[in-house]
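Participant: According to this note's numbering, the stretch in the sequence shown is residues 703 to 1093, in order.
Beta carbons are placed, not taken as given, at the ideal position from N, Cα and C, and that holds for glycine.
Encoded as structure tokens, here's the structure I'll be asking about.
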Amino acid sequence: MSVTAARGFTAAGVAAGIKQNGNPDLALVVNTGPRRAAAGVFTSNRVKAAPVLWSEQVVKGGVISAVVLNSGGANACTGPRGFQDTRATAERAAEVIGVGSGEVAVASTGLIGVNLPMDKLLSGVADAAAQLSESGGERAAVAIKTTDTVHKTATVTYGSPRTGSGGSWTVGGMAKGAGMLAPGLATMLVVLTTDAALDSGVLDTALREATRVTFDRVDSDGCMSTNDTVLLLASGAAHVEPGHAEFADAVREVCADLARQLVADAEGASKEIRIEVVGAASEDDAVEVGRSVARNNLLKCALHGEDPNWGRVLSAVGTTGSVFRPDELNVAINDVWVCKNGSVGEDRALVDMSGREVRLTVDLAAGTDSAVIWANDLTAEYVHENSAYAS
């Protein structure tokens, strides 16, 4: 049930006519309480879409009663009119569900530099409000897809044996994203919900830590979006206050699940590449190396062709400022250590790359810290899809 798996939430997804193909393109998620605590993280791109600018201000209040999400248009780089359109969207949602517009977050995804058809969008908000239900989470997840081939949802429920509180509570979520996937956050719209009784400060801490090690570790194509939005809403409807550590674990579990789904559905990809950097002097070093490897187009092409070209891994490592000695580097591809001490290791012919997942392990031999980055290969299908995106 996605975002409606947690009690205290309703949702809907409708075809408002924003997309020319007539597919669902507008989602509405409503927190029915009794609490309406919220937190959010957004793109670090300096070019931010109007909905991001609006929702950043909404989140500062710590209260979100509803989220309106549309696909079919990013409402980015649209000037003052774009921000006015976002405000009008929030005001329309506020009107139909009976809350203040300052409690309505807005998120958009699609082509940059195109104004939204506001007559259709505003009508769609009213239609979605009329269709809100506790089983509407899946329809909402479908409505936010762009080039996604599948909708993406995840849930976890913790019961009384784990909480020790005499009740169960849930974290649910939905996500969209298939291209422009790179750290800060990774191109995505994500709404997470929980019926746990927690305040916005606890939500913010849990969300930021979860994002740091999940969505921020997805680097499919090295392209950062203008619209990234991840929101976490709490209704308190379960009347259970879990421990902060346990709640953080649940949020991280849902985020990790959704992040893997984003990688699996990346545009045109034929490989999911797990890059684990070990033996780093610091976690920052491990992340920097992982991202450099993830963004090496020569390596991505080699992995697409199932060529265990470990030299391209070392080349990517060498462009970073991390601590290492070139003659101590080790690289494994699908558990075969093809590079040892910066030179030839095991026979590369032993590497089986026929499966969908490719595992790269980079040992910097400089410390004890580590990190995992997820990426994809570079394919002709990716180039084709993005060369025709606007058409």
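Let me check understanding here. Comparing Cα to Cα, which of THR811, GLN963, VAL1064, VAL1033 lies closest to ASP1049?
Facilitator: In the sequence shown, residue 1049 corresponds to position 347, counting from 1. Looking at the Cα atoms, VAL1033 is the closest of the given residues.
Participant: At which residue ranges does the segment 761-826 contain complete beta strand (DSSP E) runs of 3 or more residues, listed in the order of the chain?
Facilitator: Runs found: 768-773, 806-811.
Participant: Would you give the residue range spanned by the beta strand (DSSP E) that VAL1038 belongs to?
Facilitator: Along the sequence shown, read from residue 1 onward, the residue named residue 1038 stands at position 336. Per DSSP, VAL1038 belongs to the beta strand (DSSP E) from 1038-1042.
Participant: Answer with buried or exposed for LEU887, where buried requires no fewer than 16 other C-beta atoms within 10 angstroms of its C-beta.
Facilitator: For the purposes of this step, residue 887 is identified with residue 185 of the sequence shown, where counting begins at 1. With a pLDDT of 41 at LEU887, under the threshold of 50, the modelled position of this residue cannot be trusted, and the question is left open.
Participant: With distances taken Cα to Cα, identify the nearest neighbour of ILE975 among ALA950, ILE814, ASP1071, ASP923.
Facilitator: Counting from 1 along the sequence shown, the entry for residue 975 is found at position 273. Ranking ALA950, ILE814, ASP1071, ASP923 by Cα distance to ILE975 puts ASP923 first.
Participant: If distances are taken between C-alpha atoms only, which option among ALA983, LEU1052, CYS1003, VAL1015 comes closest to VAL1025?
Facilitator: The residue given as residue 1025 occupies position 323 in the sequence shown. VAL1025 has its Cα closest to that of ALA983, out of ALA983, LEU1052, CYS1003, VAL1015.
Participant: Leaving out the 5 sequence neighbours to the left and right, which residues in its chain are closer than 7 Å to GLU1059 when beta-carbon positions are compared?
Facilitator: In the sequence shown, the residue the question calls residue 1059 occupies position 357. Excluding sequence neighbours, GLU1059 sits near GLU974, ARG976.
Participant: What is the DSSP secondary structure of ALA718, counted as helix, strand or coil?
Facilitator: As a first step, residue 718 is located in the sequence shown; it is residue number 16 there, counting from the start. Coil, per DSSP.
Participant: Are the CB atoms of LEU1016 and VAL1038 nearer to each other than 8 Å?
Facilitator: For the purposes of this step, residue 1016 is taken as residue 314 along the sequence shown, with counting starting at 1. For the purposes of this step, residue 1038 is taken as residue 336 along the sequence shown, with counting starting at 1. In this structure, VAL1038 does not lie closer than 8 Å to LEU1016 by Cβ.
Participant: Hey, could you find the ends of the beta strand (DSSP E) LYS1002 is sitting in?
Facilitator: On the sequence shown, residue 1002 is found 300 positions in, with the first residue counted as 1. Taken as a continuous stretch (DSSP letters only), LYS1002 belongs to no beta strand (DSSP E), being part of the alpha helix (DSSP H) at 999-1006.
Participant: Quick check on DSSP: helix, strand or coil for VAL942?
Facilitator: Taking the sequence shown and counting its residues from 1, the one referred to as residue 942 is at position 240. In this structure, VAL942 counts as coil in the three-state DSSP scheme.
Participant: Helix, strand or coil: how does DSSP classify PHE949 here?
Facilitator: Along the sequence shown, one-based indexing puts residue 949 at 247. Helix, per DSSP.
Participant: Sort SER767, ILE720, GLN722, ALA778 by Cα distance to ASN733 and report the nearest one.
Facilitator: On the sequence shown, position 31 is the one that residue 733 refers to. When only C-alpha atoms are compared, the closest one is SER767.
Participant: Alpha carbon to alpha carbon, what distance is there between HIS1006 and ALA1067?
Facilitator: As a position in the sequence shown, residue 1067 is number 365, starting the count at 1. As a position in the sequence shown, residue 1006 is number 304, starting the count at 1. Cα-Cα distance, rounded: 28 Å.
Participant: If you follow the alpha helix (DSSP H) that ASP1071 is part of, which residue opens it and which one closes it?
Facilitator: What you label residue 1071 is simply residue 369 of the sequence shown in a count that begins at 1. Taken as a continuous stretch (DSSP letters only), ASP1071 belongs to no alpha helix (DSSP H), being part of the beta strand (DSSP E) at 1071-1078.
Participant: Short of 8 Å in beta carbon distance, which residues of its chain neighbour GLY838, apart from the five on each side in sequence? Order them along the chain.
Facilitator: As a working note, residue 838 is residue 136 in the sequence shown. Excluding residues within five positions, the ones whose Cβ falls inside 8 Å are THR706, THR712, ALA713, ALA714, GLY715.
Participant: With a 10 Å radius around its C-beta and 16 neighbouring C-beta atoms as the bar for buried, classify ASN1078 as buried or exposed.
Facilitator: Position 376 of the sequence shown, counting from 1, holds the residue named residue 1078. Label assigned to ASN1078: buried.
Participant: Quick one: measure Cβ to Cβ for ALA912 and THR1081, integer angstroms, because I've assumed they're closer than 8 Å.
Facilitator: For the purposes of this step, residue 912 is taken as residue 210 along the sequence shown, with counting starting at 1. For the purposes of this step, residue 1081 is taken as residue 379 along the sequence shown, with counting starting at 1. The Cβ separation is near 30 Å, so there is no contact.
Participant: In three-state DSSP terms, what is GLY970?
Facilitator: Within the sequence shown, residue 970 is the residue found at index 268, counting from 1. Looking at GLY970 - three-state DSSP - the assignment turns out to be coil, as it is neither helix nor strand.
Participant: What residue from ALA717, ASN1043, ASN725, ALA751 has the CA that sits closest to MET890's CA?
Facilitator: Position 188 of the sequence shown, counted from the start, is the residue given in the question as residue 890. Considering only alpha carbons, the answer is ALA751.
Participant: Assign PRO726 to buried or exposed, taking buried as 16 or more other Cβ atoms, counted over all protein chains shown, within 10 Å of its Cβ.
Facilitator: The sequence position of residue 726 within the sequence shown is 24, counting from 1. Per the 10 Å Cβ criterion, buried.
Participant: Can you give the Cα-Cα distance for ALA884 and ASP906, rounded to whole angstroms?
Facilitator: If you number the sequence shown from 1, residue 884 lands on position 182. If you number the sequence shown from 1, residue 906 lands on position 204. With a pLDDT of 49 at ALA884, under the threshold of 50, the modelled position of that residue is not reliable, and no figure is offered here.
Participant: In angstroms with no decimal places, state the Cα-to-Cα distance between GLY879 and VAL893.
Facilitator: The count along the sequence shown starts at 1 and reaches residue 879 at position 177. The count along the sequence shown starts at 1 and reaches residue 893 at position 191. If you take the alpha carbons of GLY879 and VAL893, they lie about 12 Å apart.
Participant: Closer than 6 Å by C-beta to VAL980: which residues in its own chain qualify, once you throw out the five before and the five after it? Chain order, please.
Facilitator: Translated into positions along the sequence shown, residue 980 becomes position 278. Only ASP1065, SER1072 meet the Cβ criterion.
Participant: Taking the C-alpha atoms as reference points, what is the distance between GLY869 and GLN786?
Facilitator: Here residue 869 refers to the residue found at position 167 when the sequence shown is read from its first residue. Here residue 786 refers to the residue found at position 84 when the sequence shown is read from its first residue. If you take the alpha carbons of GLY869 and GLN786, they lie about 44 Å apart.
Participant: At what residues does the beta strand (DSSP E) containing LEU934 begin and finish?
Facilitator: As a first step, residue 934 is located in the sequence shown; it is residue number 232 there, counting from the start. First-last of the beta strand (DSSP E) with LEU934: 931-936.
Participant: Report the rounded CA-to-CA distance for VAL844 versus TRP1076, giving the unit in angstroms.
Facilitator: The residue you call residue 844 lines up with position 142 of the sequence shown. The residue you call residue 1076 lines up with position 374 of the sequence shown. VAL844 and TRP1076: Cα-Cα distance of roughly 24 Å.
Participant: If you draw a straight line from the alpha carbon of ASP1029 to that of VAL991, how long is it in whole angstroms?
Facilitator: Reading the sequence shown from its first residue, position 327 is the one you call residue 1029. Reading the sequence shown from its first residue, position 289 is the one you call residue 991. Going from the Cα of ASP1029 to the Cα of VAL991 covers about 16 Å.
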